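Number of protein chains: 2
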Amino acid sequence: MEAILITVGDEILGGQIVNRDFAIVSRKLSERGVSVIKEVTVPDRKEDISEEIKKALEVADLVLTSGGLGPTPDDVTREAVAEALGRKLVFSKEVYDKVIRRLEEWGLSVKDAHKKYGFVIEGFEVIDNDAGLAPGMMGDVNGKKILILPGPPRELESVLDRVLDRIAGPVSEKSLSRRIKTFGLRETEIYELLNPLRDVLEPLGYYPSIYGVEIEIRASGDTGEAEDKLRFKEEKIREVLGDNVYGVDGDTLEAVLGRILREKKLTLATAESCTGGLVGNLITDVPGSSDYYLGGVVAYHNDVKMKLLDVSEATLREFGAVSEPTARQMAEGVRKLIGADVGLSTTGIAGPTGGTPEKPVGLVYMAVALEGKTRVIKRIFRGNRLEVKKQSAYTVIDLARREILSGKNE
Amino acid sequence: MEAILITVGDEILGGQIVNRDFAIVSRKLSERGVSVIKEVTVPDRKEDISEEIKKALEVADLVLTSGGLGPTPDDVTREAVAEALGRKLVFSKEVYDKVIRRLEEWGLSVKDAHKKYGFVIEGFEVIDNDAGLAPGMMGDVNGKKILILPGPPRELESVLDRVLDRIAGPVSEKSLSRRIKTFGLRETEIYELLNPLRDVLEPLGYYPSIYGVEIEIRASGDTGEAEDKLRFKEEKIREVLGDNVYGVDGDTLEAVLGRILREKKLTLATAESCTGGLVGNLITDVPGSSDYYLGGVVAYHNDVKMKLLDVSEATLREFGAVSEPTARQMAEGVRKLIGADVGLSTTGIAGPTGGTPEKPVGLVYMAVALEGKTRVIKRIFRGNRLEVKKQSAYTVIDLARREILSGKNE
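Chains as they are written, first to last, in numbering that gives the first Met the number 0: chain V, 0 to 409; chain B, 0 to 409.
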């Protein structure tokens, strides 16, 4: 089964917002063996949308649209799909009443503009949207399926989840793919290391990002067989790349660190300077992180480093805030202050200003303090302010993972 | 001038990564009056890429590709473009030598796979990439332009910036557009409030997101005239929406708060529970934020709330961690602990678990403490864990903006 996704929106074509819907739809369809063969983004213009729908119906089995279902006059997807199929829009009191009930539930008043939500394409089934006002719609056209989805990602997901089983069947077991996730090596290093095994692994691609490099592998066969083959490939990669592999598929560095802390019954505290709270934010993105994360200090100003984290004035004077000893004292200090088993710290120059020849923008020290053992590393990251912050955060989380796994005391 | 962007990548079609390139290219081209009339994403397949390039050249003046220039065998954009145009790939020692020098600069070893970077499409100009290894390429075909860009966003931006003036001319002054950014009102509320003025404002769209709702307006005319018309429209919107308008275009809530703090010479400290560091992270995303942001405490565990922020045990016992008095004591406590003029706090239930009938998932209290005045608000946010965190963070930043603007003491 092949699908084409049509995203509607001037705000996406104009670059004002990033198209997240596309990744959500693609991932969910891929899991079920549907290949997304193309994605097209078009403006909020009835003729453009309508033309793309006609073209997509010629080549794909499933055509999805996202966006353009809002209450304002620039939202015209309903009209465009109806036109492409030569169908009418019919007002449904039942659908409209649901919208009114939803508004009342949320304590919002009903406006004229909301009336639009009640219009349904003739012959289409209405799919409930648990996260917003605009319902989705699904219809059949000459043996092909059309699915109309609202634009806001959460709403799109809510509608899509209700119909996935019906349009794409259950998650496929005949052909499995897996992402092996690594941190600490570059794409070319991984490529060279795995290249001798290429006939065994048949890797589908190497995907570098700020979270490290991912390696995609695939295997097919009957239930069980595909999984065995895939596991064999994964083991080969783990043998070669060692602890640079931190997980697979949906695993994130922060969730993996959380799993390790939970298993070892360890608690964590963070002391952040250049990352400004990002490390704590990532760690608390993981549901249940309150089981091991106690809290931390954002020590942006040196006074806070001294007062709360016990970084000595002499250290700051002699070595500066961005230095090995400061990072060390911050990690050890927050561990003690909060009473945690593990303390993390970051201190660096995120830029764009503040760099010197000796301490350039991108210079970051990161430390992990365990009982009786503190490890500090130094990196010079490339990129802008936000990229330096992100690389620092992921690197210190990865460092904690490695340090804890390598044993509490050396 | 009209442009089409072709994004290449199985990892994008498979939904493993979100396409950020597209938004970067679209925004930069729009600023210069080039309209992006379509975006297409295709797999890493030579024939698919090549076919889309041919189709795009039929309708657009400018065709851009992004992605598929890496060192591994699944990167085939160079080959596909050459094929579409009936041109050869030529090895350039000069280009390859630059890649080698770059690798040496970064302290990395040269691998066989890097050779690929040296191949250039016949007749194309090579455009330097300051942020990575794969250079861009630009060529003319029957009066139309083709620009080949690397996939990683920072590299794409680096190459694009070098040629923007040549392909699109300087930023246009004849037709100006502006985004008026609001926080605190819903899309339909804004629509109803501004609808009576629609003939004056001619709004182009309303764009809701987690950062609030943006209203796009446009004006054209000679230099000066367009700006005057635009300012008139902006003033009208500000009159109607009041302090729900926090800025325009590139302004973010965190940057606007920073500007206000700087102007009023106030310092800031944060006490975060459910946001886990996100507020500090957003505030420190702003360059120069060390001028007013001193730091804060992530008080995830109740012990940290008590020990560092002076939240009383009685309050926690009687009202719980997620309550009005806890939020108040956190904001006041962090203000005192850090010695800042303004203290912010968040405490809530981000989910997915931990909710009760009285305190459901999404319930968040946020507080802002100024000298002699603390304001606490309560919200029940919809959405998943990350969305609750984000809404809490932006809401408390917006609350600080309003509180400081409305006067330090009431």
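Even glycine gets a Cβ: it sits at the ideal position worked out from N, Cα and C.
The structure presented is a predicted model; accordingly, all values stated were derived computationally and were not measured.
Asked, Found
"Three-way DSSP call (helix, strand, coil) for residue 90 of chain V in this model", "strand"
"8 Å Cβ cutoff, residue 232 of chain B in contact with chain V", "no"
"Distance between residue 260 of chain B and residue 407 of chain B (C-alpha atoms, nearest Å)", "In this predicted model, residue 407 of chain B has a pLDDT of only 46, less than 50, meaning its place in the structure is not dependable; the value taken from the coordinates is given anyway. Using only the alpha carbons, I get a separation of about 12 Å."
"Three-pair Cβ contact test at 8 Å for the region 240-247 of chain V versus the region 362-371 of chain V", "no"
"Between the CA atoms of residue 104 of chain B and residue 330 of chain V - distance to the nearest angstrom", "32 Å"
"8 Å Cβ cutoff, residue 9 of chain B in contact with chain V", "yes"
"Cutoff 8 Å: residue 73 of chain B Cβ touching any chain V Cβ", "yes"
"Reduced DSSP category for residue 138 of chain V - H, G, I as helix; E, B as strand; rest coil", "strand"
"CB contact check: residue 325 of chain V to chain B, cutoff 8 Å", "no"
"Minimum C-alpha distance to residue 91 of chain V - residue among V/107, V/128, V/119 and V/319", "V/119"
"Under 9 Å from the C-beta of residue 21 of chain B: neighbouring residues of chain V", "11, 12, 14, 17, 18 and 40"
"Chain B contacts made by the region 235-258 of chain V, where a contact means CB separation under 8 Å", "none"
"Counted within 10 angstroms of its Cβ, other Cβ atoms place residue 84 of chain V as buried (16 or more) or exposed", "buried"
"Status (buried if at least 16 other CB within 10 Å, exposed otherwise) for residue 156 of chain V", "buried"
"Cβ pair residue 152 of chain B, residue 23 of chain B closer than 8 Å", "yes"
"Stretch-stretch touch, CB-based, cutoff 8 Å, three pairs: the region 114-131 of chain V with the region 34-51 of chain V", "no"
"Alpha-carbon to alpha-carbon, residue 341 of chain V and residue 277 of chain V", "17 Å"
"Chain-ordered neighbours of residue 206 of chain V on chain B, where CB pairs are closer than 8 Å", "10, 15 and 16"
"Start-to-end residues for the beta strand (DSSP E) that takes in residue 378 of chain V", "372-379"
"Where residue 299 of chain V sits in the DSSP three-state scheme", "coil"
"Distance CB(residue 254 of chain B)-CB(residue 271 of chain B) smaller than 8 Å", "no"
"Test: residue 116 of chain V CB closer than 8 Å to a CB of chain B", "no"
"Reduced DSSP secondary structure (H/G/I, E/B, other) of residue 405 of chain B", "coil"
"Limits of the unbroken beta strand (DSSP E) element including residue 118 of chain V", "118-120"
"Members of the region 118-151 of chain V near chain B, C-beta cut-off 8 Å", "130 and 151"
"Secondary structure of residue 8 of chain V, DSSP reduced to three states", "coil"
"Closer than 8 Å to chain D by CB, residue 356 of chain V", "Included in the structure are the protein chains V and B, with no chain D among them."
"Members of the region 374-400 of chain V that neighbour chain B once the beta carbon cut-off is set at 8 Å", "381, 382, 383, 384, 385, 386 and 388"
"Paired residues, beta bridge with residue 366 of chain V - DSSP", "V/344 and V/375"
"Best match in V/334, V/289 and V/257 for proximity to residue 296 of chain V [C-alpha to C-alpha]", "V/334"
"Within-8 Å CB hit, residue 35 of chain B to chain V", "yes"
"For residue 125 of chain V, the three-state DSSP class (helix, strand or coil)", "strand"
"Within chain B, the residues that residue 66 of chain V reaches when beta carbons sit closer than 8 Å", "Here the premise fails: no neighbours, minimum Cβ distance about 11 Å."
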